[in-house]
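Order-wise, the sequence lines are chains A and B.
No gaps in the numbering here: position 39 of the first sequence is 30 in the working numbering, and each next residue is one more.
No gaps in the numbering here: position 32 of the second sequence is 137 in the working numbering, and each next residue is one more.
For each residue, glycine too, the CB sits at the ideal point set by N, CA and C.
A short write-up of the structure that comes next.
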Amino acid sequence: GENVEQHPSTLSVQEGDSAVIKCTYSDSASNYFPWYKQELGKRPQLIIDIRSNVGEKKDQRIAVTLNKTAKHFSLHITETQPEDSAVYFCAAGGPYGNNRLAFGKGNQVVVIP
Amino acid sequence: NAGVTQTPKFRVLKTGQSMTLLCAQDMNHEYMYWYRQDPGMGLRLIHYSVGEGTTAKGEVPDGYNVSRLKKQNFLLGLESAAPSQTSVYFCASSYNRDPGPNQPQHFGDGTRLSIL
């Protein structure tokens, strides 16, 4: 099955700086890559996703890039703010007719005011 | 439109007791999923369903059973609870666009379950 790994496990950044989280996946058939943000005690919430037919997608301060050849994708957060502090999960899904996702273990992002 | 609703929110059980977690969605989604979340382990899929009356095993199905008698509900059962099942359980649902592209999964608020 699909195996998704996230690096680094914890990331601390100064407010206003950029944060980058990288994920790798193993199944070359995977074609859907969502990112979820989870605040302490809350549900995971989708913040951005990308499909394999595009290389980059942006939504205000967040962007995701995909490198299919290397099988990795990254989340970029610019101009970080304290409310960006959370655990971020990447995931990968394939064309198997069930929308099933394999999740990474998560990255704790801490934005230092 | 409540989205995905999980009940109960918290529960403490003794080893060997049984219970059922309920997930309900009002978005007319075909697909539903049960995950468990443990510290440092991310979200691991327990069971899932691609439609009413169907269920399938995920990554960590042992010790759990599920049922999808109605499209809007997905039940997760623990027949004989064990301390190793202490976890936060999340339910999610998504549209089916097969053979179209994958659709986002929407999560409930979770059930925090402690087994003593």
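For residue i, I'd like the list of residues in its chain whose CB is within less than 7 angstroms of its CB, leaving aside the five on either flank, ordered along the chain.
i: residue 76 (chain A); result: 100, 101 and 102
i: residue -7 (chain A); result: 16, 17, 18, 21, 83, 85 and 93
i: residue 143 (chain B); result: 192
i: residue 117 (chain B); result: 219 and 221
i: residue 163 (chain B); result: 150, 151, 152 and 153
i: residue 129 (chain B); result: 110, 177 and 178
Under 8 angstroms between C-beta atoms, does residue i make it to chain A?
i: residue 133 (chain B); result: no
i: residue 181 (chain B); result: no
i: residue 155 (chain B); result: yes
i: residue 214 (chain B); result: yes
i: residue 88 (chain B); result: The first residue shown for chain B is 106 and the last is 221, placing residue 88 (chain B) beyond what the model contains.
i: residue 118 (chain B); result: no
i: residue 150 (chain B); result: yes
Find the residues of chain B that neighbour residue i, judging by a C-beta separation of less than 9 angstroms, and give them in chain order.
i: residue 40 (chain A); result: 207 and 209
Is any beta-carbon of chain B found at less than 8 angstroms from that of residue i?
i: residue 62 (chain A); result: no
i: residue 31 (chain A); result: no
i: residue 25 (chain A); result: yes
Among the residues of its own chain, which have a CB less than 6 angstroms from the CB of residue i, if the five just before and after it don't count?
i: residue 97 (chain A); result: 78 and 80
i: residue 112 (chain B); result: 127
i: residue 217 (chain B); result: 115 and 193
i: residue 135 (chain B); result: 156 and 201
Please list, in chain order, the chain A residues whose beta carbon lies closer than 8 angstroms to that of residue i.
i: residue 199 (chain B); result: 90
For residue i, go through chain A and note every residue whose CB falls closer than 9 angstroms to its CB, in chain order.
i: residue 145 (chain B); result: 0, 96 and 97
i: residue 195 (chain B); result: 34 and 35
Which runs of the beta strand (DSSP E) at least 3 residues long sit entirely within the segment 113 to 161 of chain B? Give them in chain order.
115 to 118, 124 to 130, 136 to 143 and 147 to 154
Contact list for the segment 68 to 95 of chain A against chain B, Cβ threshold 7 angstroms
80, 84, 88, 89, 90, 91, 92, 94 and 95
Inside the segment 159 to 214 of chain B only - beta strand (DSSP E) runs reaching at least 3 residues:
170 to 172, 178 to 183 and 192 to 199
Please give the ranges of any beta strand (DSSP E) in the segment 43 to 69 of chain A, keeping only runs that are unbroken, at least 3 residues long and fully inside the region.
47 to 50, 53 to 58 and 63 to 68
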